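Structure first, then comments.
In our numbering, the protein residues as written are 3 to 463.
Spelled out as structure tokens, the structure:
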């Protein structure tokens with residue numbers, strides 16, 4: 003064999019060895035990456051493919067009581083937030099900031115030396131949780147709603163610094179904030195928005211907000227579907243949820259893109275009408291943000307609750323475990339209301355009917371007040387929303403669960419909030435009367451406990 007052929011053979015062998023070395027390095031890197039993914043806190047369980055998220059962050063440190071201090075509410079009706087039958091003549095025992103016992107008086111001891119709070123004629127419930135609250139420059143409003151029984155709230159769409167003034171005024175509910183809206187040009191509310199124009203900006207914005215304390219990320223209605231998906235991925239990678247106010251994006255597509263929650267019943271609108279009608283509405287809103295105000299009612303006047311597309315959408319929301327915050331109170335239009343048109347009245351009626359249909363389909367409906375509502379006096383929007391949900395056909399029990407334990411699940415704080423049971427934080431509200439018989443009893447707030455401390459009766463103006 004010639005020297006030339008021998009050299010060529012050697013070179014071929016060396017090339018093969020080089021390729022094998024590269025493949026070995028790539029395989030090792032891939033295995034290392036898989037191991038790292040398996041060990042991270044964000045995992046994707048089947049069947050939904052949703053991540054296991056980290057506990058939410060409260061931006062305010064609520065006051066802590068004396069760890070040895072003990073209080074016992076004796077003789078009230080216990081409505082524990084889990085949806086079971088009420089416990090008449092119950093005892094709830096709080097030590098420090100925790101509930102240590104809850105049950106029938108005959109089976110629950112009152113510790114010696116405990117502060118005894120007479121509960122005859124009262125109902126004791128978990129502190130209310132508001133999934134959709136807006137401050138809108140009213141620094142005193144969080145303190146007012148705390149006096150009305152709302153012990154936790156989430157603001158989905160305002161700079162976190164906007165709550166600095168409220169926190170200086172005194173006790174506030176637990177604050178779970180989302181930071182500003184993530185929106186595309188041209189935003190409806192520039193002062194409350196961060197603009198996101200591509201995937202890189204979506205990831206950057208999520209990182210910025212989470213670092214500043216956001217416990218959820220909210221996308222707004224001009225953001226296109228592809229960026230909704232990028233935001234959801236980025237939020238889940240950082241251990242927080244992604245929620246949305248939709249107008250121009252189909253709700254079913256947005257849920258499949260990874261949304262954990264949908265804000266406002268009207269966000270379902272374009273998924274409930276024929277594509278041509280949905281596109282007409284979508285283009286009107288893209289051209290003019292304000293077109294959504296009359297357009298929503300026009301869309302909802304024409305929806306069909308029995309249509310296959312409606313059943314398919316509600317089935318998808320139920321199957322994915324997507325939370326729905328209807329915020330009916332801000333859309334309320336009744337016959338006889340000043341300026342209310344027939345289209346608005348019929349549209350609102352269908353919003354209420356769709357809310358009931360969603361709940362009956364197994365959708366996780368929760369309570370959000372929007373902070374203020376046209377039909378509610380200052381500080382009472384949450385109770386008005388509860389009343390509208392009952393009027394829509396939900397039972398008082400369903401509404402109370404929606405406002406307590408189910409909302410705690412939406413916040414991912416149900417390990418410590420949302421129900422009256424041993425080990426949970428002592429956020430409690432005492433109501434005169436029986437809200438299971440008449441939801442309007444939720445307006446008769448007698449005492450509120452936040453983190454084991456009484457924060458006062460309902461005396462706020």
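Note that CB positions come from ideal geometry on N, CA and C, so glycine has one too. Keep in mind that this is a model prediction, so the values were computed, not measured.
Cα-Cα separation between residue i and residue j, rounded to whole angstroms
| i | j | result |
| --- | --- | --- |
| residue 458 | residue 149 | 7 Å |
| residue 112 | residue 95 | 7 Å |
| residue 156 | residue 101 | 23 Å |
| residue 374 | residue 332 | 8 Å |
| residue 340 | residue 108 | 54 Å |
| residue 189 | residue 358 | 32 Å |
| residue 246 | residue 437 | 31 Å |
| residue 336 | residue 425 | 44 Å |
| residue 212 | residue 235 | 13 Å |
| residue 90 | residue 410 | 24 Å |
| residue 241 | residue 253 | 23 Å |
| residue 456 | residue 324 | 34 Å |
| residue 415 | residue 208 | 21 Å |
| residue 284 | residue 418 | 41 Å |
| residue 151 | residue 118 | 20 Å |
| residue 237 | residue 352 | 33 Å |
Outcome for residue i when other beta-carbon atoms lying within 10 angstroms are tallied against a minimum of 16
| i | result |
| --- | --- |
| residue 200 | exposed |
| residue 385 | buried |
| residue 121 | buried |
| residue 299 | buried |
| residue 125 | buried |
| residue 191 | exposed |
| residue 160 | buried |
| residue 306 | exposed |
| residue 210 | exposed |
| residue 170 | exposed |
| residue 277 | exposed |
| residue 349 | buried |
| residue 65 | exposed |
For residue i, three-class secondary structure by DSSP
| i | result |
| --- | --- |
| residue 190 | coil |
| residue 161 | coil |
| residue 235 | helix |
| residue 154 | strand |
| residue 61 | coil |
| residue 127 | strand |
| residue 132 | strand |
| residue 137 | coil |
| residue 413 | helix |
| residue 120 | strand |
| residue 332 | helix |
| residue 248 | coil |
| residue 81 | coil |
| residue 306 | coil |
| residue 405 | helix |
| residue 198 | coil |
| residue 292 | helix |
For residue i, the nearest candidate out of the options (CA to CA)
| i | options | result |
| --- | --- | --- |
| residue 420 | 202, 429, 428 and 407 | 407 |
| residue 198 | 212, 176 and 233 | 233 |
| residue 423 | 215, 110 and 183 | 110 |
| residue 452 | 97, 84, 76 and 81 | 97 |
| residue 329 | 84, 268, 213 and 190 | 268 |
| residue 168 | 61, 293 and 104 | 61 |
| residue 79 | 430, 203 and 318 | 430 |
| residue 88 | 403, 281 and 449 | 403 |
| residue 57 | 291, 398, 178 and 445 | 178 |
| residue 1 | 59, 75 and 55 | The requested residue 1 is not part of the displayed model; the chain covers only 3 to 463. |
| residue 303 | 134, 347 and 193 | 347 |
| residue 228 | 136, 310, 251 and 84 | 251 |
| residue 449 | 134, 153, 142 and 135 | 153 |
| residue 382 | 144, 296, 262 and 274 | 144 |
| residue 137 | 271, 231 and 380 | 380 |
Run of the beta strand (DSSP E) containing residue i, from where it starts to where it stops
| i | result |
| --- | --- |
| residue 166 | First-last for residue 166: 166–170, but that is the alpha helix (DSSP H), not the beta strand (DSSP E). |
| residue 423 | No beta strand (DSSP E) contains residue 423, which DSSP labels as neither H nor E. |
| residue 105 | 100–106 |
| residue 288 | Unbroken run through residue 288 is the alpha helix (DSSP H), 277–289; no beta strand (DSSP E). |
| residue 432 | 430–434 |
| residue 326 | 325–327 |
| residue 223 | Careful: residue 223 lies outside any beta strand (DSSP E) and carries neither H nor E. |
| residue 112 | Run containing residue 112: none; DSSP gives neither H nor E here. |
Residue i: CB within 6 Å of a non-hydrogen atom of the ligand PLP
| i | result |
| --- | --- |
| residue 423 | Here there are no bound small molecules, and the ligand PLP is not part of this structure. |
Enclosing alpha helix (DSSP H) for residue i [first to last residue]
| i | result |
| --- | --- |
| residue 185 | First-last for residue 185: 183–185, but that is the beta strand (DSSP E), not the alpha helix (DSSP H). |
| residue 355 | 344–362 |
| residue 388 | 383–394 |
| residue 270 | Unbroken run through residue 270: none, as it is neither H nor E. |
| residue 317 | 310–322 |
| residue 201 | 201–213 |
| residue 177 | Counting along the chain, residue 177 falls outside any alpha helix (DSSP H), though it belongs to the beta strand (DSSP E) covering 176–179. |
| residue 375 | Counting along the chain, residue 375 falls outside any alpha helix (DSSP H), and DSSP gives it neither H nor E. |
| residue 242 | First-last for residue 242: undefined, no H or E at that position. |
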